[in-house]
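**Student:** When the letters of the sequence shown are read in order and numbered with our numbering, they come out as residues 61 to 305. All residues carry an ideal CB built from backbone N, CA and C; glycine is no exception. Handing you this structure, nothing more for now.
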Amino acid sequence: MDKILIRGARTHNLKNIDLTLPRDKLIVITGLSGSGKSSLAFDTLYAEGQRRYVESLSAYARQFLSMMEKPDVDTIEGLSPAISIEQKSTSHNPRSTVGTITEIYDYLRLLYARVGTPRCPDHDAPLEAQTVSQMVDQVLALPEGRKLMLLAPVIRERKGEHLAVFDELRAQGFVRARVNGKLYELDELPKLDKQKKHSIDVVVDRFKVRGDLQQRLAESFETALKLADGIALVAPWKRTTTART
C-alpha cells in the first residue's frame, strides 16, 4: 500500500477529517496555532502507530513502555510503526532508543560481532583472528635476518603502579617489558605514576627471522596469546632500545 488513509479523525480539535497521505515521502504539516497540527501528527498518527506496534511486542518489552491512548478516529490504513521526536529534553530511560525498545539492539551487536569484519581505524586493513600457524607463517614470510620481538600486551591504558603485574612476570621467568613504548629490564623498571594510564607489553621472545624457527615461534606465540587473552604483537627489536633507569 502506497498511501496512509485516515477516516473520521476527531482527536482533540480535529473535526472528523478524512485524509490521504503518501507513504515514503517527506510531509510537512503547517498551519496556525491550534489548527490541529500536533493533534494529527502526534496524537493521531504517531499514537496509533506506536500503540499497534507496542501491542505486538513481548510482555517483557511492554513493561518498559507506556501504552498510548487510542486516538479518536474511525480507521487508519497503511500505517507502519512510528517514531516521534519532540522538541523537549531527551529521555534518560535506559530503553530510550529504537534498538533498545524493540529488543533488537543486543541481536545487532551479536550480528556485527560475528558476521562483520572489523577494520583498522588507521590503515583500513581488515582485522581477522588468526591461528598460531598463520601467525608463524606471516613472521617467517618476512625478510630473513630481520630482528623482531614478540610481545604480549598485558596492560592497556590503565592507571596504577602495576607492581603485582611486574612481580608476576618476574615469577614466570620473563626478563624484559615494554612500558609506555620503552623497553626495560624487569629488574630496572621506572616507578609508574599511579594516577596516570600506562601500557605494558611483556617481551616473550626475541629472534632473527630464519626458516628453522617454526617450532620455537609457535611455542612463543602460544605463550603470548595465553598471557594477553588472545593478543600478540610483533615489533622491530634493536639492541639499543632497552632503557636504563
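Quick check: the Cα distance between Ile215 and Val158, rounded to an integer number of angstroms?
**Tutor:** Taking the first residue of the sequence shown as position 1, residue 215 is located at position 155. Taking the first residue of the sequence shown as position 1, residue 158 is located at position 98. In this structure, the alpha-carbon of Ile215 lies about 36 Å from that of Val158.
**Student:** With the cut-off set at 8 Å, would you say Asp281 and Val175 are in Cβ contact?
**Tutor:** Indexing the sequence shown from 1 puts residue 281 at position 221. Indexing the sequence shown from 1 puts residue 175 at position 115. This sequence places Phe at residue 281; Asp is not what is there. No. Outside cutoff.
**Student:** Assuming Leu246 contacts Phe226 under a Cβ cut-off of 8 Å, what Cβ separation, rounded to an integer in Å, is found between them?
**Tutor:** Reading the sequence shown from its first residue, position 186 is the one you call residue 246. Reading the sequence shown from its first residue, position 166 is the one you call residue 226. That belief holds up - the Cβ atoms of Leu246 and Phe226 are roughly 6 Å apart, short of 8 Å.
**Student:** Work out the CA separation of Pro203 and Leu273 for me, nearest whole Å.
**Tutor:** Within the sequence shown, the letter at position 213 stands for residue 273. Within the sequence shown, the letter at position 143 stands for residue 203. If I take the Cα positions, the gap works out to 13 Å.
**Student:** Output yes or no for whether 8 Å exceeds the beta carbon distance between Ala101 and Glu129.
**Tutor:** Translated into the one-based positions of the sequence shown, residue 101 becomes position 41. Translated into the one-based positions of the sequence shown, residue 129 becomes position 69. No, the Cβ-Cβ distance between Ala101 and Glu129 is not below 8 Å.
**Student:** Helix or strand or just coil, what does DSSP make of Pro296?
**Tutor:** Taking the sequence shown and counting its residues from 1, one reaches residue 296 at position 236. In this structure, Pro296 counts as strand in the three-state DSSP scheme.
**Student:** Can you list, in chain order, the residues of its chain whose CB lies under 6 Å from that of Glu163, leaving out five sequence neighbours each side?
**Tutor:** Residue 163 sits at position 103 when you count from the first residue of the sequence shown. Excluding sequence neighbours, Glu163 sits near Ala121.
**Student:** Three-state secondary structure (DSSP) at Ser259?
**Tutor:** As a first step, residue 259 must be located in the sequence shown, where it is residue number 199. Residue state, collapsed to three classes: strand.
**Student:** By the three-class DSSP mapping on this structure, what secondary structure does Tyr221 have?
**Tutor:** Counting from 1 along the sequence shown, the entry for residue 221 is found at position 161. Just to set this straight, residue 221 is Glu in the shown sequence, not Tyr. Note: Glu221 maps to coil in three-state DSSP.
**Student:** Kindly list the residues whose CB is nearer than 8 Å to the CB of Pro178, restricted to its own chain and excluding five residues on each side of it in sequence; keep chain order.
**Tutor:** Taking the sequence shown and counting its residues from 1, the one referred to as residue 178 is at position 118. Contacts found: Pro186 and Leu187.
**Student:** Around the Cβ of Leu223, are there at least 16 other Cβ atoms within 10 angstroms (buried) or fewer (exposed)?
**Tutor:** Walking along the sequence shown from the start, residue 223 turns up at place 163. Per the 10 Å Cβ criterion, exposed.
**Student:** Hey, Val264 and Ala212 are a contact pair by Cβ (cut 8 Å); roughly how many whole angstroms apart?
**Tutor:** Your numbering for residue 264 matches position 204 in the sequence shown. Your numbering for residue 212 matches position 152 in the sequence shown. So it is a contact: roughly 5 Å between Cβ atoms.
**Student:** Look at the Cβ atom of Ser259, then the Cβ atom of Glu221, and state whether they are nearer than 8 Å.
**Tutor:** As a position in the sequence shown, residue 259 is number 199, starting the count at 1. As a position in the sequence shown, residue 221 is number 161, starting the count at 1. Cβ distance not < 8 Å, so Ser259 and Glu221 don't count as in contact.
**Student:** Among Asp184, Lys85 and Asp103, which has the Cα closest to the Cα of Ala69?
**Tutor:** Position 9 of the sequence shown, counted from the start, is the residue given in the question as residue 69. That would be Asp103, whose Cα lies nearest to the Cα of Ala69.
**Student:** Would you report the Cα separation of Gln123 and Ile161, rounded to the nearest angstrom?
**Tutor:** Residue numbering aside, residue 123 sits at position 63 when the sequence shown is read from its first letter. Residue numbering aside, residue 161 sits at position 101 when the sequence shown is read from its first letter. Cα to Cα, Gln123 sits roughly 10 Å from Ile161.
**Student:** For the putative contact between Asn7 and Gly96, defined by C-beta atoms under 8 Å, what is the C-beta separation to the nearest angstrom?
**Tutor:** Outside the displayed span of the chain (61 to 305) sits residue 7, for which this structure offers no information.
**Student:** State the CB to CB distance for the pair Leu277 and Val196, rounded to an integer number of angstroms; the pair is presumed to be in contact (CB under 8 Å).
**Tutor:** Position 217 of the sequence shown, counting from 1, holds the residue named residue 277. Position 136 of the sequence shown, counting from 1, holds the residue named residue 196. Sure, about 5 Å apart at Cβ, within 8 Å.
**Student:** I want to see whether chain C comes within less than 8 Å of Val196, judged by CB atoms only; does it?
**Tutor:** The structure shown contains no chain C; it is built from a single protein chain.
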